[in-house]
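Let me begin by presenting the structure, written as structure tokens, before commenting on it.
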Amino acid sequence: MTSARLVWVAGSALAVIAVLLAILTASALPLGYDSKAYWLAARHLVDGTPVFPAPDATLGAANEFHYLPVVALPFVAALPLTIDAFVWLWLAVQLALAAAVGVALIRPLPSAIRPWAAAGYCFFLPTVLEVTLGNLDFVSLALALLAWHWRSRFNTSAVALAAAVGIKFLPAILLPFYLAAGRVSIALRAVVIGIIGLLVTLPFVWQPMLDYVALIPRYAETAWVRVIVQRDEPAFLATIFWSDAFPLILALLAISLAIFAGRMARRDPENETAWHHVALALSPYLSPFGFIWTTFLITTLPLFAVALARAWRLRGATRIVALVGIALCWLLMQIVQLHDLLPILWHLVGVLGLVAISLALLGRSARPAERERRVLGAGVQPRQRA
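The numbers in the numbering used here rise by one with no breaks, and the one at position 326 of the sequence shown is 315.
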């Protein structure tokens, strides 16, 4: 048996174990905790009852809807179902979507490491939480990936990008990326399409939209999130994380790195997809409270796939160091403990570590290309690659 075959067999066995562990973990979680809110929001729209809590109410109650009112409109089609039946239907949709995204990310990888990537994908805690709770993060992520895949078709890409941002604010970090990458037309069209979409649907959701706008100042604060998650230990981290400055600094850092990634994508078109995924991985930190929610970390999955493929192409000790670093970042994002801020810190370290490893791998791959350009610029014929 060749070494590559042995790696594949070991990874396949691990993937089976990962699926079983994911099912076991999911069985301990409240099925449809988030998706119930979508069905109820649609019900409130049809009945003419308030979709959102009052501006002075305590935010974060169960079954509370926190999205633009237009997001609830498609779920009106599910109202003939009972809420329990809808939860199971949405679970099936989430599983199908997770499988589709997983195949799209893992299929381009070298065959020897595909089972390993599948294992990491299936038993990635943010993935398990996202699918089981029934959030909309996977929908938004899939649309963001489609927008990039369709980037040569401006209108189609812009529609997907506008939908991704309209559903979840997080992919808005891709707007400065697209602008910096020289894809101004897609970014501007996405903004225009988003505005048109809001205006067209506004007559159907006029009052809910007014209620939502009234809540925006509350949503922009972290105080309501602090009440929900009850994470105040250790005290020194609570002082930092729950300060007004911390989420602002994170957001500015994320936007700055997204702009940097966009500029690099413009200079390095061969690796522009990797640079796109760097920006996408930082999207949880655009929101004032994005650093708290574990499900948002699924936006790192595309960058994990890119980093894994590049690390595998290395040789010797460098490959081992890169793969161990990627695995460590994955482990850091798996840490969970209630009423404690340390896991949130480890998640942040894991994301930044993955970004740092990816930047190092991108820099390493750029050096041979730069040397070749210099040789060609000097008028010397480069040596043919084997």
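Glycine included, each C-beta is placed from N, C-alpha and C at the ideal position.
For this session: Closer than 8 Å by C-beta to glutamine 373: which residues in its own chain qualify, once you throw out the five before and the five after it? Chain order, please.
Result: In the sequence shown, the residue the question calls residue 373 occupies position 384. Note on glutamine 373: pLDDT 44, under 50, position unreliable in the model; no value is reported.
Problem set entry | valine 180 (DSSP reduced to helix, strand or coil) | Here residue 180 refers to the residue found at position 191 of the sequence shown. DSSP, reduced to helix, strand and coil, places valine 180 within a helical segment of the structure shown.
For this session: Indicate whether the contact test is met: 3 or more Cβ pairs, each with one atom in the region 117 to 135 and one in the region 152 to 172, closer than 8 Å.
Result: Touching, yes.
Problem set entry | Proximal residues to alanine 107 (C-beta, below 8 Å), its chain only, five neighbours per side dropped | For the purposes of this step, residue 107 is taken as the residue at position 118 of the sequence shown. Within the same chain, alanine 107 has close Cβ partners Gly0, Ala4, Ala7, Gly91, Ile95.
Exercise. What's the C-alpha gap between valine 76 and lysine 25?
Worked result: Translated into positions along the sequence shown, residue 76 becomes position 87. Translated into positions along the sequence shown, residue 25 becomes position 36. Using only the alpha carbons, I get a separation of about 7 Å.
Exercise. Alpha helix (DSSP H) containing tyrosine 27: first to last residue?
Worked result: In the sequence shown, residue 27 corresponds to position 38, counting from 1. Counted as a single uninterrupted DSSP element, the alpha helix (DSSP H) harbouring tyrosine 27 occupies residues 24 to 36.
Exercise. Is the Cβ-Cβ distance between valine 189 and alanine 270 less than 9 Å?
Worked result: The residue given as residue 189 occupies position 200 in the sequence shown. The residue given as residue 270 occupies position 281 in the sequence shown. Going by beta carbons, valine 189 and alanine 270 fall outside the 9 Å limit.
Exercise. When you compare each of Thr262, Leu9, Ala234 to valine 117 by their alpha carbons, which one comes out closest?
Worked result: Counting from 1 along the sequence shown, the entry for residue 117 is found at position 128. By alpha-carbon distance to valine 117, the top candidate from Thr262, Leu9, Ala234 is Leu9.
Problem set entry | As assigned by DSSP and simplified to three states, the class of tryptophan 77 | Translated into positions along the sequence shown, residue 77 becomes position 88. In this structure, tryptophan 77 counts as helix in the three-state DSSP scheme.
Problem set entry | DSSP-derived helix/strand/coil call for arginine 231 | Mapped onto the sequence shown, residue 231 falls at position 242. Sequence inspection shows tryptophan at residue 231; the arginine mentioned does not correspond to that position. In this structure, DSSP gives tryptophan 231 a state outside helix and strand, which the three-state scheme calls coil.
For this session: Please look up how many angstroms separate the CB atoms of arginine 178 and alanine 147, rounded, as I've assumed it's under 8 Å.
Result: In the sequence shown, counting from the first residue as 1, residue 178 sits at position 189. In the sequence shown, counting from the first residue as 1, residue 147 sits at position 158. The Cβ separation is near 4 Å, so the contact holds.
For this session: Find the nearest neighbour of isoleucine 346 within the set Ala85, Trp301, Leu330, Leu68, judged by alpha-carbon distance.
Result: Along the sequence shown, read from residue 1 onward, the residue named residue 346 stands at position 357. From the listed residues Ala85, Trp301, Leu330, Leu68, the smallest Cα separation to isoleucine 346 is found for Trp301.
Problem set entry | CB contact flag (leucine 376, leucine 57, <9 Å) | A question about residue 376 goes unanswered here, because the residues of the chain that appear run from -10 up to 375.
Exercise. Do you know how far the Cα of arginine 103 is from the Cα of aspartate 200?
Worked result: What you label residue 200 is simply residue 211 of the sequence shown in a count that begins at 1. What you label residue 103 is simply residue 114 of the sequence shown in a count that begins at 1. One C-alpha to the other measures close to 47 Å.
Exercise. Can you list, in chain order, the residues of its chain whose CB lies under 7 Å from that of aspartate 329, leaving out five sequence neighbours each side?
Worked result: For this step, residue 329 is matched to residue 340 along the sequence shown. Excluding positions up to five away in sequence, the list reads Arg220, Glu222.
Exercise. Leaving out the 5 sequence neighbours to the left and right, which residues in its chain are closer than 8 Å to asparagine 52 when beta-carbon positions are compared?
Worked result: Stepping through the sequence shown from its first residue, residue 52 is reached at position 63. Apart from sequence neighbours up to five positions away, the residues of its chain that approach asparagine 52 with a beta-carbon distance below 8 Å are Lys25, Ala26, Leu29, ordered along the chain.
Exercise. Is leucine 18 closer than 9 Å to leucine 84 when the C-beta atoms are compared?
Worked result: Locating residue 84 in the sequence shown gives position 95, counting from the first residue. Locating residue 18 in the sequence shown gives position 29, counting from the first residue. Not in contact: leucine 84 and leucine 18 (Cβ atoms no closer than 9 Å).
Exercise. Roughly how many whole angstroms lie between the Cα atoms of glycine 305 and tryptophan -3?
Worked result: Within the sequence shown, the letter at position 316 stands for residue 305. Within the sequence shown, the letter at position 8 stands for residue -3. Looking at the two C-alpha atoms, the distance is approximately 19 Å.
Exercise. Helix or strand or just coil, what does DSSP make of arginine 172?
Worked result: Reading the sequence shown from its first residue, position 183 is the one you call residue 172. In the structure shown, arginine 172 falls within a coil segment according to DSSP collapsed to helix, strand and coil.
Problem set entry | Straight-line Cα distance separating leucine 80 from alanine 89 | Along the sequence shown, one-based indexing puts residue 89 at 100. Along the sequence shown, one-based indexing puts residue 80 at 91. If you draw a straight line from the Cα of alanine 89 to the Cα of leucine 80, it is about 14 Å long.
Problem set entry | Cβ shell of proline 165 (< 7 Å), same chain only, five flanking positions each side left out | Numbered from 1 along the sequence shown, position 176 holds the residue referred to as residue 165. The residues Ile244, Ala247, Ile248, Gly251, in chain order, have a CB closer than 7 Å to that of proline 165 in the same chain once the five nearest residues on each side in sequence are set aside.
Exercise. So what does DSSP say about arginine 220, is it helix, strand or coil?
Worked result: Along the sequence shown, one-based indexing puts residue 220 at 231. Taken through DSSP and simplified to helix, strand or coil, arginine 220 comes out as coil.
Exercise. Where does valine 59 fall in DSSP's three states?
Worked result: Here residue 59 refers to the residue found at position 70 when the sequence shown is read from its first residue. In this structure, valine 59 counts as helix in the three-state DSSP scheme.
Problem set entry | Where threonine -9 sits in the DSSP three-state scheme | Taking the first residue of the sequence shown as 1, we reach residue -9 at position 2. Annotated three-state conformation of threonine -9 is coil, per DSSP.
Exercise. Can you list, in chain order, the residues of its chain whose CB lies under 7 Å from that of phenylalanine 193, leaving out five sequence neighbours each side?
Worked result: In the sequence shown, the residue the question calls residue 193 occupies position 204. Around phenylalanine 193: Leu62.
Exercise. Secondary structure at valine 364, three-state DSSP: helix, strand or coil?
Worked result: Counting from 1 along the sequence shown, the entry for residue 364 is found at position 375. Per-residue confidence for valine 364 stands at a pLDDT of 49, beneath the threshold of 50, marking its modelled position as unreliable; the derived number appears in the next sentence. Residue state, collapsed to three classes: helix.
Exercise. When DSSP labels each residue in this structure, what does arginine 353 get in the three-state scheme?
Worked result: Numbered from 1 along the sequence shown, position 364 holds the residue referred to as residue 353. Three-state result, arginine 353: helix.
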